Amino acid sequence: MFNQIIDSHIHLDLYSDKQRQKLLKSLDHTISGLITVSFHLESSKQNLELSREFDFIHPAFGFHPEQEILSDQELEKLFSFIIEHHNEMIAIGEVGLPYYKKQEDHTLPYEAYIEVLEQFIKLAKKLDKPIILHSIYEDAALVCNILEEYNMKNAHFHWFKGDPFTLERMMRNGYYISITPDVLYEREIIQIVRNYPLEQLMVETDGPWGFEGPFSQKMTHPSMIHTSIRAIADIKKISIEQCYQQLFNNTKYFYF
Ligand SMILES: [Zn+2]
């Protein structure tokens, strides 16, 4: 049976050295690729190094929005790095808007984050690379506005959560979303999988982020995706093999 998977969103650089070694050593033949996304410049550098060491590791470079905004100078440094290494990069990411940070601090300068995101979208367009987005709930509509404004089609909303209207709009625009192992126990995610077209889905772990249910207390590992795929096949009422094949093809089509 075809059972190849690509983890479409993992933060390899955020594991401790020891954990990362353990993870990389324990990958079996079913894991054909890992897309490692970056938190900031240092993280981008580390992910680039990892991709040079292992040919199944594909780095994305970017700035995770759930942190203090970058100064113009820092942003410029990150942009030069991306431009210099764009041939080795699979996408721009992870970028987006700080939804969770805004819940804690309503005085956050959202406009500044939106401007930074716009610049990343322009850069992705210019370099002809996909973009990996952290954009959930009401932020997603805002991000859709920007993507539409720049006519940016190759958008991957990772671990998406949001309202059905925005989901509809994302579907129509041909955006992809990726599903984490919480599809085993999170009703909201199960509902999204039910509604979103199988042809626009990918799978991911967002590791080292931890999960609950059967994954509680376990180090997040790309092999957890096998369990996710069984759950997705069940929700979509298709065979497990068909589910593997389609999700693999989607990721190949979108990124490679
Ligand atoms: Zn992430």
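Residues in the sequence shown are numbered consecutively from 12, following my numbering.
Even glycine gets a Cβ: it sits at the ideal position worked out from N, Cα and C.
Model, not experiment: these values are computed from the prediction.
In this structure, does DSSP put residue 235 in helix, strand or coil?
The count along the sequence shown starts at 1 and reaches residue 235 at position 224. In the structure shown, residue 235 sits in a helix (DSSP, three-state: H, G or I).
Does the structure place the segment 154 to 173 close enough to the segment 115 to 123 that three or more beta carbon pairs sit under 8 angstroms?
Taking 8 angstroms as the limit for Cβ pairs, the verdict is that the segment 154 to 173 does not touch the segment 115 to 123.
If you draw a straight line from the alpha carbon of residue 156 to that of residue 145, how long is it in whole angstroms?
Locating residue 156 in the sequence shown gives position 145, where the first residue counts as 1. Locating residue 145 in the sequence shown gives position 134, where the first residue counts as 1. Put simply, the backbone Cα of residue 156 is about 15 angstroms away from that of residue 145.
Looking at the strands, I want to know which residues DSSP matches up with residue 213.
For the purposes of this step, residue 213 is identified with residue 202 of the sequence shown, where counting begins at 1. DSSP output for residue 213 lists 189 as bridge partner(s).
What beta strand (DSSP E) runs, 3 residues minimum, are completely inside the segment 82 to 149?
Counting only runs of 3 or more, we get 102 to 107, 142 to 145.
Which residues in the same chain as residue 232 place their Cβ atom closer than 8 angstroms to its Cβ, once the five residues preceding and following it in sequence are excluded?
On the sequence shown, position 221 is the one that residue 232 refers to. The residues 34, 37, 216, 218, in chain order, have a CB closer than 8 angstroms to that of residue 232 in the same chain once the five nearest residues on each side in sequence are set aside.
Check for me: the alpha helix (DSSP H) holding residue 45 runs from which residue to which?
On the sequence shown, position 34 is the one that residue 45 refers to. In the DSSP annotation of this structure, residue 45 is not part of any alpha helix (DSSP H); the continuous beta strand (DSSP E) holding it starts and ends at 42 to 47.
C-beta atoms of residue 100 and residue 72 nearer than 7 angstroms:
Taking the first residue of the sequence shown as position 1, residue 100 is located at position 89. Taking the first residue of the sequence shown as position 1, residue 72 is located at position 61. Their beta carbons are under 7 angstroms apart, which means residue 100 touches residue 72 by this criterion.
Using only alpha-carbon positions, find the residue among 178, 141, 187, 53 that is nearest to residue 153.
Working through the sequence shown from its first residue, we reach residue 153 at position 142. The shortest C-alpha to C-alpha distance from residue 153 to any of 178, 141, 187, 53 is the one to 178.
The segment 134 to 145 contacting the segment 88 to 108, beta-carbon criterion three pairs below 8 angstroms:
The segment 134 to 145 makes contact with the segment 88 to 108, as at least three CB pairs between them are under 8 angstroms.
DSSP-derived helix/strand/coil call for residue 80
One-based indexing of the sequence shown puts residue 80 at position 69. Three-state result, residue 80: coil.
Best match in 77, 199, 251 for proximity to residue 51 [C-alpha to C-alpha]
Numbered from its first residue, the sequence shown carries residue 51 at position 40. Put simply, of 77, 199, 251 the residue whose alpha carbon is nearest the alpha carbon of residue 51 is 77.
Taking C-beta to C-beta, are residue 45 and residue 18 nearer than 7 angstroms?
Within the sequence shown, residue 45 is the residue found at index 34, counting from 1. Within the sequence shown, residue 18 is the residue found at index 7, counting from 1. Yes, the Cβ-Cβ distance between residue 45 and residue 18 is below 7 angstroms.
State the Cα-Cα distance for the pair residue 28 and residue 61, rounded to the nearest angstrom.
Locating residue 28 in the sequence shown gives position 17, where the first residue counts as 1. Locating residue 61 in the sequence shown gives position 50, where the first residue counts as 1. Here the alpha carbon of residue 28 sits roughly 12 angstroms from the alpha carbon of residue 61.
Starting from residue 203 and walking both ways along the alpha helix (DSSP H), at which residues does that stretch end?
Against the sequence shown, residue 203 aligns to sequence position 192. Segment 198 to 206, the alpha helix (DSSP H) holding residue 203.
Residue 175: first and last residue of the uninterrupted alpha helix (DSSP H) it sits in:
Locating residue 175 in the sequence shown gives position 164, where the first residue counts as 1. From DSSP, the alpha helix (DSSP H) with residue 175 extends over 175 to 183.
Report all residues from its chain with a CB closer than 7 angstroms to the CB of residue 262; omit the five preceding and five following residues, and keep chain order.
Taking the sequence shown and counting its residues from 1, one reaches residue 262 at position 251. Same-chain partners within the cutoff: 17, 19, 213.
Closer than 6 angstroms to a non-hydrogen atom of ligand 1 - does that hold for the CB of residue 53?
Position 42 of the sequence shown, counting from 1, holds the residue named residue 53. In terms of side-chain proximity, the C-beta atom of residue 53 is found no nearer than 6 angstroms to any non-hydrogen atom of ligand 1.
Element boundaries [alpha helix (DSSP H), containing residue 28]
In the sequence shown, the residue the question calls residue 28 occupies position 17. Residue 28 -> alpha helix (DSSP H) spans 28 to 36.
Is residue 39 helix, strand or coil when you go by DSSP?
The count along the sequence shown starts at 1 and reaches residue 39 at position 28. Of the three classes helix, strand and coil, the one that applies to residue 39 here is coil, per DSSP.
Between which two residues does the alpha helix (DSSP H) carrying residue 54 extend?
For the purposes of this step, residue 54 is identified with residue 43 of the sequence shown, where counting begins at 1. Where residue 54 is concerned, the enclosing alpha helix (DSSP H) stretches over 52 to 64.
Would a C-beta distance cut-off of 7 angstroms place residue 192 and residue 239 closer than the cut-off?
Stepping through the sequence shown from its first residue, residue 192 is reached at position 181. Stepping through the sequence shown from its first residue, residue 239 is reached at position 228. Contact: yes.
Once DSSP output is grouped into helix, strand and coil, what is the label at residue 225?
The residue given as residue 225 occupies position 214 in the sequence shown. Look at residue 225 here: in three-state DSSP terms it is helix.
Considering residue 251, what are the terminal residues of the alpha helix (DSSP H) in which it resides?
For the purposes of this step, residue 251 is taken as the residue at position 240 of the sequence shown. For residue 251, the enclosing alpha helix (DSSP H) starts and ends at 251 to 266.
Length of the line joining the Cα atoms of residue 225 and residue 83
As a position in the sequence shown, residue 225 is number 214, starting the count at 1. As a position in the sequence shown, residue 83 is number 72, starting the count at 1. C-alpha separation (whole angstroms): 44 angstroms.
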